[in-house]
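Protein chains in written order, with our numbering: chain A, 980 to 1173; chain B, 980 to 1173.
2 protein chains.
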Amino acid sequence: MARPRQFDEDLVIDQVTRTFWERGYANTSIADLETATGLGRQSLYCAFGDKHALFLRALERYAAFGDQHMPPAALNSTSPLEHLRYMLRATIDTATSPDAPGACLMVQAMTEFGDTDVDVHAKCQANSRRIEAWIGRLAAEAEALGMLAPGVAPATVTTLVMTQHFGIPILARSGVPADQLQSSVDLLLKQIAS
Amino acid sequence: MARPRQFDEDLVIDQVTRTFWERGYANTSIADLETATGLGRQSLYCAFGDKHALFLRALERYAAFGDQHMPPAALNSTSPLEHLRYMLRATIDTATSPDAPGACLMVQAMTEFGDTDVDVHAKCQANSRRIEAWIGRLAAEAEALGMLAPGVAPATVTTLVMTQHFGIPILARSGVPADQLQSSVDLLLKQIAS
DNA sequence: GGGATTCTTGACAGATCGTTCAATAACTGC
DNA sequence: GCAGTTATTGAACGATCTGTCAAGAATCCC
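The structure is reproduced here in structure tokens:
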């Protein structure tokens, strides 16, 4: 054994994530990460690897943060549609929070990298698929419980809710107030319910 | 008078716009713009100014490109809701086109710059407000014609359609196929109509 | 055709960025 | 307390980027 680290890895990754979230990948320099974390260059490189690896860690951290708003849905508990409302409310809250760093780190990563970077692309795809699966399960439950209006397919509901989830941060960023976003979510859920 | 330009300004701006659209602002170097346009550095600087000014021109060009899918809506012509369907179809087509450079240049600019750059911010805001006004007018017309379901407010419809417009390119980028997006748009319009 | 003006070409300066190297400091296990 | 190992610090290197400078080429007006 030898000299132990003088910092908390998780805390540092939080700060790194927030910095990337604020400024994007290309606009974040190592110097920015130094000031954000209070660490020296070499400490970052030794502990996490290069900038690219650090960004992948940030994506993982961000995905985990989002997952906490998507608790495992259980039949016989809350209504599936209320689960969706809860998640979209969390999306609105995060997006319109006054100290929200930016839009959505995943959206930012997707627009900044596209599919040029295979690692980033895989992480973003995995995130989308996980959200899609979570929403899809709730939509299927809602149908099974007879809570969807006639002619409303669960798969289509899934796509609609996903569009809300990914579109809301953009609208918030362009100045649409939180209550207006909430009203639209409420209307959508009301119109697809039986 | 003196030596005239040996290139078409509009064509060059098109190529510049596409390059920024593909790679984002920070990831596009002047060298990339040189190869994309076939022009030399100095020609670009002399004709358009610096990189920042070039990006603003690209945003203007992109906004004009989007506007052509939002023809002035006239009462007594096509149904307002069909106008909205047409616009969202254009959004889907652009987003899922195999040679689509990326998501949406405006979304990219919003996520990359946030509100740090006042010029870019203003252009993105103006774009959002213009789209919002266009959709809002159609929603109001739809209500005036009694085409909205009871309890469906035009302002809320506007927000919903905007979320679709800005969210669809993200979903397309994350692999959701065009027909699935189209189904969700059709469902949404069906559920808000009377 | 000559002169003035502008476009174009190539090269370069100033700055910044990501990454690495060498040296110092700090801690553990014996 | 000592040796070994690891974190930390500071400086430096190579590459890249934006913006500019000076020289050459091409065109229009008279």
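Even glycine gets a Cβ: it sits at the ideal position worked out from N, Cα and C.
On a predicted model such as this, the values are computed, not experimentally measured, just so you know.
Item, Value
"Taking Leu-1150/A as the reference, give the member of Gln-1143/B, Phe-986/B, Val-1097/B, Ala-1082/B with the closest Cα.", "Gln-1143/B"
"Determine the chain A residues that contact Phe-1145/B at a beta-carbon separation under 7 Å, and present them in chain order.", "Gly-1146, Ile-1149, Leu-1150"
"Mind checking Ser-1014/B: buried by the 16 CB within 10 Å criterion, or exposed?", "At residue 1014/B the sequence reads Thr, which differs from the Ser that was named. Per the 10 Å Cβ criterion, exposed."
"Ignoring anything shorter than 4 residues or poking outside the stretch 1114-1158 of chain B, list the alpha helix (DSSP H) runs there in chain order.", "1133-1152"
"What would DSSP say about Ala-1172/B, mapped onto helix, strand or coil?", "strand"
"If you measure from the beta carbon of Ile-1009/B to each beta carbon in chain A, is any gap under 8 Å?", "no"
"State the Cα-Cα distance for the pair Arg-1036/A and Ala-1043/A, rounded to the nearest angstrom.", "11 Å"
"Classify Gly-1081/A: buried if its beta carbon has 16 or more other beta carbons within 10 angstroms, exposed otherwise.", "buried"
"Count the other CB atoms, across all protein chains shown, that sit within 10 Å of the CB of Thr-996/B; report buried if there are 16 or more and exposed otherwise.", "buried"
"Name, please, each residue of chain B whose Cβ falls closer than 7 Å to the Cβ of Thr-1142/A.", "Thr-1142, Gln-1143, Gly-1146, Ile-1147, Leu-1150, Ser-1163"
"Using the Cα positions of Val-1099/B and Ala-1088/B, report the straight-line distance between them to the nearest angstrom.", "7 Å"
"With Ala-1025/A as the anchor, note down where its alpha helix (DSSP H) starts and where it stops.", "The sequence given here places Cys at residue 1025/A; Ala does not occur at that position. That run of the alpha helix (DSSP H) goes 1020-1027."
"Taking Cβ positions, are Pro-1059/A and Leu-1117/A nearer each other than 8 Å?", "yes"
"Which word fits Leu-1173/B, buried or exposed, when buried means at least 16 other C-beta atoms lie within 10 angstroms of its C-beta?", "Sequence check: residue 1173/B is Ser here, not Leu. Burial call: exposed."
"Output, in chain order, the set of chain A residues within a Cβ distance shorter than 8 Å of Ile-1171/B.", "Leu-1166, Gln-1170"
"DSSP state of Ala-1112/B, grouped into three classes?", "helix"
"What do you get for Ala-1121/A, buried or exposed, if any count of 16 or more other CB atoms within 10 angstroms of its CB means buried?", "buried"
"Between the stretch 1149-1169 of chain B and the stretch 1065-1079 of chain B, are three or more C-beta pairs nearer than 8 Å?", "yes"
"Should Leu-1124/A and Leu-1167/A be called a contact, given that it needs their Cβ atoms to be closer than 8 Å?", "no"
"Please list, in chain order, all residues of the same chain as Asp-993/B whose beta carbon is under 8 Å from its beta carbon, the five residues on each side excluded.", "Arg-1040"
"The alpha helix (DSSP H) with Phe-986/B in it runs from where to where?", "No alpha helix (DSSP H) contains Phe-986/B, which DSSP labels as neither H nor E."
"Looking only at its chain, what residues have a beta carbon closer than 6 Å to the beta carbon of Cys-1063/A, apart from the 5 residues adjacent to it on each side?", "Per the sequence shown, the amino acid found at residue 1063/A is Leu instead of Cys. So the qualifying residues of the chain are Leu-1117, Val-1140."
"Under 8 Å, Cβ to Cβ, is there at least one residue of chain B near Gly-1154/A?", "yes"
"If we cut at 8 Å on Cβ distances, does Cys-1103/B have a partner in chain A?", "yes"
"Along chain A, which residues have their Cβ under 7 Å away from the Cβ of Thr-1135/B?", "Ser-1162, Ser-1163, Leu-1166"
"For a contact meaning CB atoms closer than 7 Å, what does Ala-1042/A contact in chain B?", "Simply none; closest approach about 13 Å."
"At which residues does the alpha helix (DSSP H) containing Asp-1096/B begin and terminate?", "From DSSP, Asp-1096/B is part of no alpha helix (DSSP H); its letter is neither H nor E."
"Quick one: complete alpha helix (DSSP H) runs, 4+ long, within the stretch 1028-1091 of chain B?", "1030-1046, 1059-1075"
"I want to verify the contact list: residues of chain B whose CB lies under 9 Å from the CB of Ala-1082/A, in sequence order.", "Val-1086, Met-1089, Thr-1090, Gly-1093"
"Does the CB of Gly-1003/A have a neighbour CB from chain B at under 8 Å?", "yes"
"What do you get for Gly-1045/A, buried or exposed, if any count of 16 or more other CB atoms within 10 angstroms of its CB means buried?", "buried"
"Rounded to whole angstroms, what's the CA-CA distance from Gly-1019/B to Leu-1012/B? Just pull it up for me.", "9 Å"
"Could you check where the alpha helix (DSSP H) with Thr-1016/B kicks off and where it finishes?", "1009-1016"
"For Leu-1139/A, decide whether its Cβ has a neighbour in chain B, counting only Cβ atoms nearer than 8 Å.", "yes"
"At a CB-CB cut-off below 9 Å, which residues of chain A make contact with Ser-1076/B?", "Per Cβ cutoff of 9 Å: no residues; Ser-1076/B is ~14 Å from chain A at best."
"DSSP three-state label for Asn-1006/B, please.", "coil"
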